[in-house]
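Numbering (the UniProt record's numbering), first residue to last: 1 to 106. For every residue, glycine included, the Cβ atom is placed at its ideal position computed from N, Cα and C. Below is one structure; the comments refer to it alone.
Laid out in structure tokens, this is it:
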């Protein structure tokens, strides 16, 4: 599965429950890369991806920021737009995360 297909799959998973409230990650832009890489949150957009057996079979190992960046081949700016609290507060609707994932496809 190529990068685009992985991102489409993630957005489709998020769109299945568009009103579901997901947890945002706090302050991703303020963390040093090693600290940012291990950031995670229960119920985050990344955890939705990890719950999918297809994405796990494709190689998604955990629901950390760093793993999502690696697996989905995202820049820090792209992943920040998808998961960071500064855009949405502590929670976001799944549909909002899906739009951000689709925007990262380019």
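Please check the pair residue 24 and residue 91, which I expect to be a contact at CB under 8 angstroms, by giving their CB distance rounded to whole angstroms.
Locating residue 24 in the chain shown gives position 24, counting from the first residue. Locating residue 91 in the chain shown gives position 91, counting from the first residue. With 8 angstroms as the limit, residue 24 and residue 91 qualify as a contact, their Cβ atoms being about 6 angstroms apart.
Could you name the residues of the same chain whose beta carbon sits closer than 6 angstroms to that of residue 21, not counting the 5 residues immediately before and after it, in chain order?
Position 21 of the chain shown, counted from the first residue, corresponds to residue 21. Hits under 6 angstroms: 91.
Could you tell me which uninterrupted beta strand (DSSP E) segments, each at least 3 residues in length, are contained entirely in the segment 36-73, listed from first to last along the chain?
none
Taking all protein chains shown into account, decide if residue 5 is buried (16 or more other Cβ within 10 angstroms of its Cβ) or exposed.
Within the chain shown, the letter at position 5 stands for residue 5. By the 10 Å Cβ count, residue 5 comes out exposed.
Taking just the CA atoms, how far does residue 97 sit from residue 88?
By one-based count along the chain shown, residue 88 stands at place 88. By one-based count along the chain shown, residue 97 stands at place 97. The C-alpha of residue 97 is placed about 10 angstroms away from the C-alpha of residue 88.
Using the C-alpha atoms, what's the distance from residue 26 back to residue 81?
As a position in the chain shown, residue 81 is number 81, starting the count at 1. As a position in the chain shown, residue 26 is number 26, starting the count at 1. Spanning the two alpha carbons is a distance of roughly 12 angstroms.
What's the C-alpha gap between residue 145 and residue 34?
Residue 145 cannot be examined here, being either before or after the span of the chain that is shown, 1 to 106.
Three-state secondary structure (DSSP) at residue 28?
Translated into positions along the chain shown, residue 28 becomes position 28. Note: residue 28 maps to helix in three-state DSSP.
Straight-line Cα distance separating residue 46 from residue 79:
In the chain shown, residue 79 corresponds to position 79, counting from 1. In the chain shown, residue 46 corresponds to position 46, counting from 1. Answer to the nearest angstrom: the Cα atoms are 10 angstroms apart.
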